[in-house]
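Structure first, commentary second.
There are 2 protein chains.
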Amino acid sequence: MSRYWSDIVHQLTPYVPGEQPKIAGLVKLNTNECPYPPSPRVLQAIAEQTGEALRLYPDPQATALREAIARHHGLKAEQVFVGNGSDEVLAHVFMALLRHEAPLLHPDISYSFYPVYARLYGITTREIPLDEQFAIRVDDYLAAPANGGIIFPNPNAPTGMALPLSEVRRLLQGNRESVVVVDEAYVDFGAESAARLVDEFPQLLVVHTLSKSRALAGLRVGYALGHPDLIEALVRVKDSFNSYPLDRLAIAGGVAAMDDVAWFEDTCRRTIATRERMAAALRDRGFEVLPSAANFVFARHPGHDGAELAAGLREQRVLVRHFRRPERIAAFLRISVGTEEQTDALLAALDTVLAR
Amino acid sequence: MSRYWSDIVHQLTPYVPGEQPKIAGLVKLNTNECPYPPSPRVLQAIAEQTGEALRLYPDPQATALREAIARHHGLKAEQVFVGNGSDEVLAHVFMALLRHEAPLLHPDISYSFYPVYARLYGITTREIPLDEQFAIRVDDYLAAPANGGIIFPNPNAPTGMALPLSEVRRLLQGNRESVVVVDEAYVDFGAESAARLVDEFPQLLVVHTLSKSRALAGLRVGYALGHPDLIEALVRVKDSFNSYPLDRLAIAGGVAAMDDVAWFEDTCRRTIATRERMAAALRDRGFEVLPSAANFVFARHPGHDGAELAAGLREQRVLVRHFRRPERIAAFLRISVGTEEQTDALLAALDTVLAR
Numbered sequence: 002m003s004r005y006w007s008d009i010v011h012q013l014t015p016y017v018p019g020e021q022p023k024i025a026g027l028v029k030l031n032t033n034e035c036p037y038p039p040s041p042r043v044l045q046a047i048a049e050q051t052g053e054a055l056r057l058y059p060d061p062q063a064t065a066l067r068e069a070i071a072r073h074h075g076l077k078a079e080q081v082f083v084g085n086g087s088d089e090v091l092a093h094v095f096m097a098l099l100r101h102e103a104p105l106l107h108p109d110i111s112y113s114f115y116p117v118y119a120r121l122y123g124i125t126t127r128e129i130p131l132d133e134q135f136a137i138r139v140d141d142y143l144a145a146p147a148n149g150g151i152i153f154p155n156p157n158a159p160t161g162m163a164l165p166l167s168e169v170r171r172l173l174q175g176n177r178e179s180v181v182v183v184d185e186a187y188v189d190f191g192a193e194s195a196a197r198l199v200d201e202f203p204q205l206l207v208v209h210t211l212s213k214s215r216a217l218a219g220l221r222v223g224y225a226l227g228h229p230d231l232i233e234a235l236v237r238v239k240d241s242f243n244s245y246p247l248d249r250l251a252i253a254g255g256v257a258a259m260d261d262v263a264w265f266e267d268t269c270r271r272t273i274a275t276r277e278r279m280a281a282a283l284r285d286r287g288f289e290v291l292p293s294a295a296n297f298v299f300a301r302h303p304g305h306d307g308a309e310l311a312a313g314l315r316e317q318r319v320l321v322r323h324f325r326r327p328e329r330i331a332a333f334l335r336i337s338v339g340t341e342e343q344t345d346a347l348l349a350a351l352d353t354v355l356a357r
Numbered sequence: 002m003s004r005y006w007s008d009i010v011h012q013l014t015p016y017v018p019g020e021q022p023k024i025a026g027l028v029k030l031n032t033n034e035c036p037y038p039p040s041p042r043v044l045q046a047i048a049e050q051t052g053e054a055l056r057l058y059p060d061p062q063a064t065a066l067r068e069a070i071a072r073h074h075g076l077k078a079e080q081v082f083v084g085n086g087s088d089e090v091l092a093h094v095f096m097a098l099l100r101h102e103a104p105l106l107h108p109d110i111s112y113s114f115y116p117v118y119a120r121l122y123g124i125t126t127r128e129i130p131l132d133e134q135f136a137i138r139v140d141d142y143l144a145a146p147a148n149g150g151i152i153f154p155n156p157n158a159p160t161g162m163a164l165p166l167s168e169v170r171r172l173l174q175g176n177r178e179s180v181v182v183v184d185e186a187y188v189d190f191g192a193e194s195a196a197r198l199v200d201e202f203p204q205l206l207v208v209h210t211l212s213k214s215r216a217l218a219g220l221r222v223g224y225a226l227g228h229p230d231l232i233e234a235l236v237r238v239k240d241s242f243n244s245y246p247l248d249r250l251a252i253a254g255g256v257a258a259m260d261d262v263a264w265f266e267d268t269c270r271r272t273i274a275t276r277e278r279m280a281a282a283l284r285d286r287g288f289e290v291l292p293s294a295a296n297f298v299f300a301r302h303p304g305h306d307g308a309e310l311a312a313g314l315r316e317q318r319v320l321v322r323h324f325r326r327p328e329r330i331a332a333f334l335r336i337s338v339g340t341e342e343q344t345d346a347l348l349a350a351l352d353t354v355l356a357r
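Chains A and B, in that order, give the protein sequences.
Everything in the first sequence is counted per the working numbering, starting at 2 for the first residue and increasing by one.
Everything in the second sequence is counted per the working numbering, starting at 2 for the first residue and increasing by one.
Below is the structure:
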């Protein structure tokens, strides 16, 4: 508290990211990072940029990166906005496209950064409950009174559950007066991307990150795909905030990551295979596991408390994420998909904890 | 224009950064980059981080970097805030500390991003004119009605002129009810830093960048120094915007840049020597050159139009910056200090243009 703070600062409840432990040797399954390294071509591209040119500003439009992303999705560069991680992209989306008189709709169980952005920019929100099976029900969004925008992750986080593309399309067909943001941070692990609908729906914005399927959480690159009018709004806000959000190394590494499709597809394939093995092993141990299309699973055990399980695993040097709220998910653990070895370690630790 | 835009987007007039030419072979003296490379220790530190660990999120608090900055200035890490370039730091400063009912004061001739931030966040501003010699006059700030904050660059941009530390102190002594931001992007080239006043004045925030004297415009690292209460406001806004603004490579490179004091001091010394030679050579050619404490000079020629001179130099493949507004500086050119060779090329090009 300080008399020097702007009023808004007193009202903020900042987002709390998953723990980044400074102790080595932990099995870290708490922040949905990729267990496999980024493409060697990414490291090569960064190494080539690590020189005298760092004295010069980067390209403020990051054109090479927007072109690489456009190539990957079969779109044009003017349909692509890039930012310093998808969290920054989302922040600009809230300011540029979701700040209207009518409330923004988002699922009640969802990425917990959404209400934080909304508070920062003074945006009213309305939470739409997931159904009893923890699924997003499109009809609930279509039935709500006038909205100033809709945002949801697909697959949803922390449930991991995917909304079929046909349902996303139905939502877009029924909601044309406000922007619909599909936050696809985890889409590459088994859901269908709405990127292919961008040419069809001018109110659609699709947000991606290189932090998950491209194994670059440490490089901070995210992007949005949409109609050039939506992209222009984001550029205007970005150019009123920071002309150069992406440094030279992130731009170079990002281009290489988008271009190395074989590496990316292999990473996704391995992650999905391990996820399915882990989900089956958890079910064998009595867990209810929601059907995941992401690089994590969301699971609860009928005989054990979520917080206690998470604490027990931590004693065994395995980190997973537990959310106390909302109440409805307090029994669940969110467990990132690790390597085969990390998964074995998780299962062994679980056996110890469950046997107590 | 689009019906999907938030109201604020229609009102924005984004900042326009200096041209980043895609053609090679130009003598680029238009964006105040450092003409000398960053420390080899920076490149080494980045190379060491360019590996598998990029799959992991960076430290959201960038503790190692804040500690290195604190060491350099003889402060504590909790007095340091870091961001993705000083432009991002300034954006958060406007939101967190300068958004009050009373207007924000800044010089009429100053960093042209200030009014852009103010518009983005709905902050009222009042411009305080520089005096006839283009100097900031502290008495004009002290005489103004109640303010919601004061911000100015020191040295000022684009004039390059420094305000003595005694005058900064006098401003702080007379203005204790609102935050005073001293934006010291160019301070290392000859002005006195207010960093040493941070322990004394709880309303003082000093902003620095690694883009100039540390030759890292391409890496995007900036920071603020101030009382822990001011830093906390910035952290709250940052954690409501983007948990991880600095990537792993920027953190590692930033630490090495702060630690290599000898390289930094040598860069400053060479830049200052060339600046003085360039200023003298410009005066020899009939220019009026404002006394610069920065890595650029601001100069006008009584017999030549500023815009025409800039265009003529561009034909000679030398880029400098010209501002059409405000009217009072339309005759001036802002010329970055380059290498000795670049300076020779500038002077030769000027001789050609002036002889026409």
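Idealized CB from N, CA, C, for every residue including glycine.
Computed from a predicted structure; not experimentally measured.
Sixteen is the threshold: when 16 or more other Cβ atoms of the shown chains lie within 10 Å of the Cβ of Glu185 of chain B, as they do, the residue is buried. Taking C-beta separations shorter than 6 Å and ignoring five residues to either side along the sequence, the partners of Ala158 of chain A in its chain run Tyr112, following chain order. Collapsing the DSSP output to three states places Ser194 of chain A in coil. When Cβ-Cβ separations below 8 Å define contact, Cys35 of chain A makes contact with chain B. Rounded to the nearest whole angstrom, the C-alpha separation of Ile129 of chain B and Ile151 of chain B is 10 Å. In its chain, beyond the 5 residues on either side, Gly255, Val256, Met259 and Asp260 have a beta carbon closer than 8 Å to the beta carbon of Ala69 of chain B. Under the three-state reduction of DSSP output, Thr210 of chain B falls in the strand class. If you draw a straight line from the Cα of Asp285 of chain B to the Cα of Asp345 of chain B, it is about 14 Å long.
Between His209 of chain A and chain B, the shortest Cβ-Cβ separation is not below 8 Å.
Runs of the beta strand (DSSP E) lying entirely within the stretch 257–322 of chain A, each at least 3 residues long, are 297–301 in chain order. What Glu53 of chain A touches in chain B, judged by beta-carbon distance under 7 Å, is Pro38, going in chain order. Taking 8 Å as the cut-off, the Cβ atoms of Leu98 of chain B and Tyr118 of chain A do not count as close. Between Leu173 of chain A and Leu198 of chain A, the gap from beta carbon to beta carbon is short of 8 Å.
Contact note: Tyr5 of chain B reaches chain A through Leu98, Ser179, Val180, Pro203, Gln204, Asp230, Leu231 and Ala234, using a C-beta cutoff of 8 Å and chain order. Burial of Leu314 of chain A is indicated by the presence of at least 16 other C-beta atoms within 10 angstroms of its C-beta.
By the Cβ criterion, the stretch 75–93 of chain B is in contact with the stretch 222–239 of chain B, since at least three pairs of Cβ atoms, one from each stretch, lie closer than 8 Å. Chain-ordered, the chain A residues with CB closer than 7 Å to the CB of Gly86 of chain B read Asn243 and Tyr245.
If you draw a straight line from the Cα of Ile232 of chain A to the Cα of Arg42 of chain A, it comes to about 29 Å. Beta-carbon to beta-carbon, Ala163 of chain A and Ala294 of chain A are separated by about 4 Å, close enough to satisfy the 8 Å threshold.
Looking at the DSSP output, Leu334 of chain B bridges to B:Ala300. Gln21 of chain B has a beta carbon lying within less than 8 Å of a beta carbon in chain A.
In this structure, Arg120 of chain B sits near Leu13 of chain B, with a CB-CB distance shorter than 8 Å.
The C-alpha of Gly339 of chain B is placed about 14 Å away from the C-alpha of Pro39 of chain B. For Arg170 of chain B, there is no enclosing beta strand (DSSP E); the residue is part of the alpha helix (DSSP H) that begins and ends at Leu166 to Gly175. Excluding residues up to 5 positions away in sequence, Glu34 and Ser212 lie with their Cβ nearer than 6 Å to the Cβ of Ala218 of chain B in the same chain. Within the same chain, Cβ atoms closer than 6 Å to the Cβ of His209 of chain A are found at Glu185 and Tyr224, the five residues on either side in sequence being excluded. At a cut-off of 8 Å between beta carbons, Ala253 of chain A makes no contact with chain B. With a threshold of 8 Å between beta carbons, Glu89 of chain A makes contact with chain B. For Thr51 of chain A, there is no enclosing beta strand (DSSP E), since its DSSP letter is neither H nor E. Val262 of chain A is classed as exposed because its beta carbon has fewer than 16 other beta carbons within 10 Å across all chains shown.
Per the DSSP secondary-structure output, Pro108 of chain B pairs in a beta bridge with B:Ile129. Under the three-pair Cβ rule at 8 Å, the stretch 133–150 of chain A does not count as touching the stretch 269–281 of chain A.
Ala216, Leu217, Ala218, Gly219, Leu220, Arg221 and Asp230: these are the residues of the stretch 215–230 of chain A whose beta carbon lies less than 7 Å from some beta carbon of chain B, given in chain order. DSSP places Ile152 of chain B inside the beta strand (DSSP E), whose first and last residues are Gly150 to Pro154. The beta carbon of Gln343 of chain B sits closer than 7 Å to those of Val28, Leu30 and Pro36, all from its chain and outside the five residues before and after it, given in chain order. Taking a 10 Å sphere around the C-beta of Val17 of chain A, we find fewer than 16 other C-beta atoms and assign the residue as exposed.
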